[in-house]
Amino acid sequence: KAGVTQTPRYLIKTRGQQVTLSCSPISGHRSVSWYQQTPGQGLQFLFEYFSETQRNKGNFPGRFSGRQFSNSRSEMNVSTLELGDSALYLCASSFLAGGAQGEQFFGPGTRLTVL
Amino acid sequence: AQSVTQPDIHITVSEGASLELRCNYSYGATPYLFWYVQSPGQGLQLLLKYFSGDTLVQGIKGFEAEFKRSQSSFNLRKPSVHWSDAAEYFCAVGPGGNKLTFGTGTQLKVEL
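Which chain is which? The protein sequence lines are A and C, in order. Just so you know, we're using the numbering used here here: the first sequence kicks off at 1 and counts up by one. Just so you know, we're using the numbering used here here: the second sequence kicks off at 1001 and counts up by one.
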């Protein structure tokens, strides 16, 4: 069974631009969560989608948004990029939704650099 | 609010030596606890998890962890470290499922 895939793996953008990252979960998984990893703040939860609905949201500004499609693939979008948005963005998929017991499987991440 | 503290930023051990990585959590109810490992350029891999029951949890790659409610701790242990264990280790707590709060991580270096 293929693992979680994230595209692109690396991305360079300039301040003020917007970016879209993609995540394909493990086949059969319906929950996709997104995390931001930075040296200063560590790993922080962004949001979770299950069956095309956002179930949980972390403490990030509205510039960070996401969506999930009917095939469970998810995208996250960051608008008006700031230097501080430079990070590794990790996607994790799970069979179960938030609040239930389950293991999350993480993808390799997308490394976003904002210049 | 829930939080996780990993007091050791870096740890160096010799290959074959035992290992203990510390994790303290703050959570209002019975927590779900996890240990993940991250190798350079990789995502996170789950080593083990605690939901309920036996407080000593066995995981993959020979790791184990013990949940101690009285100390709010969930320390990770391995009796004999291999060079391939060099990586960054994260402790995490959650209400169950997919909204996890992570610690800041412990970077493990293994000396040959």
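Don't be surprised by glycine CBs; every beta carbon is placed ideally from N, CA and C.
To the nearest angstrom, how far is it from the Cα of residue 26 (chain A) to the Cα of residue 33 (chain A)? Taking the straight line from one Cα to the other gives about 12 Å.
Is residue 58 (chain A) near residue 46 (chain A), with beta carbons less than 7 Å apart? yes
Residue 1109 (chain C) versus residue 86 (chain A) - alpha carbon distance: Their Cα atoms are separated by approximately 26 Å.
From residue 42 (chain A) to residue 70 (chain A), what distance separates their C-alpha atoms? 31 Å
Neighbour list for residue 108 (chain A) in chain C, Cβ cutoff strictly below 9 Å: Neighbours of residue 108 (chain A) on chain C, chain order: 1041, 1042, 1043.
How is residue 1099 (chain C) classed by DSSP in three states: helix, strand or coil? coil
Distance, residue 1070 (chain C) Cα to residue 21 (chain A) Cα: 42 Å
Spell out whether any CB of chain A is found under 7 Å from the CB atom of residue 1030 (chain C). no
Inter-residue Cα distance where the pair is residue 1077 (chain C) and residue 1031 (chain C): 19 Å
Should residue 29 (chain A) go down as buried or exposed, given a rule of 16 or more other Cβ atoms within 10 Å for buried? buried
Neighbour flag for residue 56 (chain A) against chain C, beta carbons, 7 Å: yes
Can you check whether the C-beta of residue 42 (chain A) is within less than 7 Å of a C-beta belonging to chain C? Chain C, which has a Cβ nearer than 7 Å to the Cβ of residue 42 (chain A), makes this yes.
Could you tell me whether any Cβ in chain A is nearer than 7 Å to the Cβ of residue 1104 (chain C)? yes
Identify, in the order they occur along the chain, each residue of the same chain with its Cβ nearer than 8 Å to the Cβ of residue 1103 (chain C), setting aside the five sequence neighbours on each side. Within its own chain, the residues whose Cβ lies closer than 8 Å to the Cβ of residue 1103 (chain C), once the five positions on either side in sequence are excluded, are 1004, 1005, 1006, 1023, 1090, 1091, 1092, listed in chain order.
Whole-angstrom distance between residue 1015 (chain C) and residue 96 (chain A), CA atom to CA atom: 38 Å
For residue 93 (chain A) and residue 1041 (chain C), the rounded distance between their alpha carbons: 19 Å
Same chain, Cβ closer than 6 Å to residue 1018 (chain C), five either side skipped, listed in chain order: 1079
Close beta carbons around residue 1100 (chain C), own chain, < 6 Å, minus the five adjacent residues each side: Hits under 6 Å: 1092, 1094.
Taking the Cβ atom as the reference point for each residue, do residue 73 (chain A) and residue 24 (chain A) lie within a distance shorter than 7 Å? yes
Cβ atoms of residue 78 (chain A) and residue 19 (chain A): under 7 Å apart, would you say? With a cutoff of 7 Å on beta-carbon distance, residue 19 (chain A) and residue 78 (chain A) are scored as near each other.
Can you give me, in chain order, the residues of the stretch 21–55 of chain A that have a beta carbon less than 7 Å from any beta carbon in chain C? Only 31, 33, 42, 43, 45, 48 from the stretch 21–55 of chain A bring a Cβ to less than 7 Å from some Cβ of chain C.
Give, in chain order, every unbroken run of the alpha helix (DSSP H) that is at least 4 residues long and sits entirely within the stretch 50–85 of chain A. none
Are the Cβ atoms of residue 1056 (chain C) and residue 1083 (chain C) separated by less than 7 Å? no
Taking the alpha-carbon of residue 1086 (chain C) as reference, which of C:1001, C:1029, C:1021 has the nearest alpha-carbon? C:1021
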